[in-house]
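Each remark here refers to the structure printed beneath this line.
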Amino acid sequence: MSTRRLVLTRSAALMGAASAGLLLPEIVRAQSGKLKVGFMLPYTGTFSQLGMAIENGFRLAINEQGGKLGGREIEYFKVDDESDPSKGIENASKLVQRDKVDVLVGTVHSGVQMGIQKVARDSGVLSLIPNAGVHAATRGLCAPNVFRTSFSNSQPTRALGKVMMDKGHKKTVWITWKYAAGDEAFEGFKESYTAAGGTIIKELGLPFPNVEFQALLTEIAALKPDAVACFFAGGGAAKFIRDYAAAGLKGKIPLYGSGFLTEGVLEAAGPAADGIITTMHYSDSLDTPRNKQFRLEYVKAYRSQPDVYAVQGYDTGLLLIQGANAVKGDLNAKPALYKAMEGATIDSPRGKWTMSKAHNPVQDIYLRVVENKENKVIGIAAKALADSGVGCKMA
Ligand code: PHB
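Position 53 of the sequence shown, counting from 1, maps to 68 under my numbering, and the rest follow consecutively.
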């Protein structure tokens, strides 16, 4: 028999076996093996606590469901992305190409997210964004396999401008880290504040993750605005709050921000944080059975208080559970998986939310004030707020 004939005969036999179901155990084994989840998060640097809170929240959601996804055991992989955008693609590729994860959960920093977005779009791997708000991810570069469970960078600040004008602050200084998260937070603030009639007298910035605020605080004192609005987060936010008070500005020029400013930093910031008003899609003090139950379980599991990052990690777990259950753990069943995730309502500690067409949360934004190391809700600044999703072909 010629070689060619032999090959044909073999493949014909294989096809026969497959159609008779003889190869099925092989396929079933492939799908019922462990489902690989890759965390790409900052575990060092100014955002290290944020990364840990996200992972904790995610694991809590999964553990509450018996530690499995769609009936499959889970194997976790981890990469510390150091909030370093220059290593974004390389780090995401480690999880996707080397570890062959089924789903990539990450990250915090908008610049690093752009690396993940490229790898996600090129490889088609399911990519869940538990924090980074970079607009492009759910606007011009949106993709069927990318879902964000947090916010877009301009969402929280879009609710801030009117609040400040209602309080009579007509002239404001804006200050932030100069990178996508700060610039896009400014976009939301500027639109809402100027639409309400306010004037931004100066935009101040410093490179991420620089925390030498002194010269800028001196400039703010000289400018004498009615108020200051800002975007900072993590360790840098705690230092900004303390430096603002130490510079003598607290009590003289009210400080506002997107709520990241006061998330996870209230112990470190101490009384310097009292009175800061922020807008955010979560608050510790939300008086709902869902939030109380979540907070209790989180404290039991981790002996620390959850913050918005923990909630976003938790919600990422909840979303993945809904998707995985719909396809019985077969994440390769992409159309059904995406459909289930797009249609999901997430019963979150922050309140129920849904996915926009561009895969970004449609959610309420709360108005909060810091009192005694707690973010207290004092109102709803925006109801069911959606990002524009502009430029997203799916939207
Ligand atoms: C971001 O880089 O997108 C970012 C980082 C920390 C936050 C919010 C947004 O708290």
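Cβ coordinates follow ideal geometry from the N, Cα and C atoms, glycine included.
Sort the options by Cα distance to residue i and report the nearest one.
i: residue 93; options: 82, 106 and 83; result: 106
i: residue 333; options: 317, 318 and 365; result: 365
i: residue 394; options: 195, 178 and 312; result: 178
i: residue 15; options: 294, 260 and 159; result: What the structure shows of the chain is the stretch from 16 to 410, and residue 15 is not part of that stretch, so it cannot be assessed.
i: residue 374; options: 83, 85, 253 and 149; result: 149
i: residue 339; options: 146, 86, 392 and 167; result: 86
i: residue 271; options: 78, 103, 188 and 55; result: 188
i: residue 205; options: 368, 168, 103 and 233; result: 168
i: residue 141; options: 129, 118 and 403; result: 118
i: residue 317; options: 301, 112 and 73; result: 73
i: residue 210; options: 79, 228 and 180; result: 180
i: residue 354; options: 232, 171 and 341; result: 341
i: residue 159; options: 397, 399 and 372; result: 372
i: residue 326; options: 56, 250 and 69; result: 69
i: residue 321; options: 57, 54 and 65; result: 65
i: residue 275; options: 251, 264 and 262; result: 251
i: residue 297; options: 378, 225, 101 and 343; result: 378
i: residue 217; options: 356, 224 and 185; result: 185
i: residue 67; options: 357, 269, 202 and 328; result: 328
i: residue 249; options: 224, 265, 228 and 262; result: 224
i: residue 136; options: 103, 246, 244 and 161; result: 161
i: residue 264; options: 113, 63, 291 and 246; result: 291
i: residue 301; options: 268, 319, 390 and 346; result: 390
i: residue 398; options: 280, 368, 314 and 113; result: 368
i: residue 166; options: 124, 78, 182 and 227; result: 124
i: residue 79; options: 350, 345, 311 and 53; result: 311
i: residue 127; options: 114, 357 and 151; result: 151
On the DSSP letters alone, give me the boundaries of the beta strand (DSSP E) that residue i sits inside.
i: residue 397; result: 389 to 400
i: residue 92; result: 89 to 95
i: residue 233; result: From DSSP, residue 233 is part of no beta strand (DSSP E) but of the alpha helix (DSSP H) over 229 to 238.
i: residue 244; result: 242 to 246
i: residue 186; result: 186 to 192
i: residue 51; result: 50 to 56
i: residue 295; result: 292 to 295
i: residue 273; result: 270 to 273
i: residue 98; result: Neither: residue 98 is in no beta strand (DSSP E) and is coded neither H nor E.
i: residue 118; result: 118 to 120
i: residue 142; result: 141 to 144
Am I right that residue i and residue j are in contact with their C-beta atoms under 8 Å? What's the rounded C-beta distance?
i: residue 76; j: residue 336; result: 7 Å
i: residue 386; j: residue 323; result: Wrong, their Cβ atoms sit about 17 Å apart, outside the cutoff.
i: residue 61; j: residue 96; result: Contact flag wrong, Cβ pair sits at about 13 Å.
i: residue 331; j: residue 153; result: Rounded, the Cβ-Cβ distance is 15 Å, inconsistent with contact.
i: residue 116; j: residue 49; result: About 11 Å; that fails the 8 Å criterion.
i: residue 273; j: residue 200; result: 5 Å
i: residue 294; j: residue 174; result: 4 Å
i: residue 257; j: residue 284; result: 6 Å
i: residue 192; j: residue 240; result: Not a contact, Cβ separation roughly 19 Å.
i: residue 170; j: residue 400; result: 6 Å
i: residue 172; j: residue 203; result: 4 Å
i: residue 269; j: residue 242; result: 5 Å
i: residue 280; j: residue 253; result: 4 Å
Over the uninterrupted alpha helix (DSSP H) stretch that includes residue i, give me the two end residues.
i: residue 250; result: 249 to 261
i: residue 103; result: 103 to 108
i: residue 172; result: 170 to 173
i: residue 197; result: 195 to 210
i: residue 128; result: 125 to 138
i: residue 74; result: 63 to 79
i: residue 158; result: No alpha helix (DSSP H) holds residue 158; DSSP gives it neither H nor E.
i: residue 218; result: Looking at the DSSP string, residue 218 is not in any alpha helix (DSSP H); the run it does join, the beta strand (DSSP E), is 214 to 221.
i: residue 378; result: Segment 376 to 386 is the beta strand (DSSP E) holding residue 378; no alpha helix (DSSP H) there.
i: residue 281; result: 281 to 284
Handout entry: Any beta strand (DSSP E) of 3 or more consecutive residues that is wholly inside the segment 300 to 374
Key = 360 to 363 and 366 to 370
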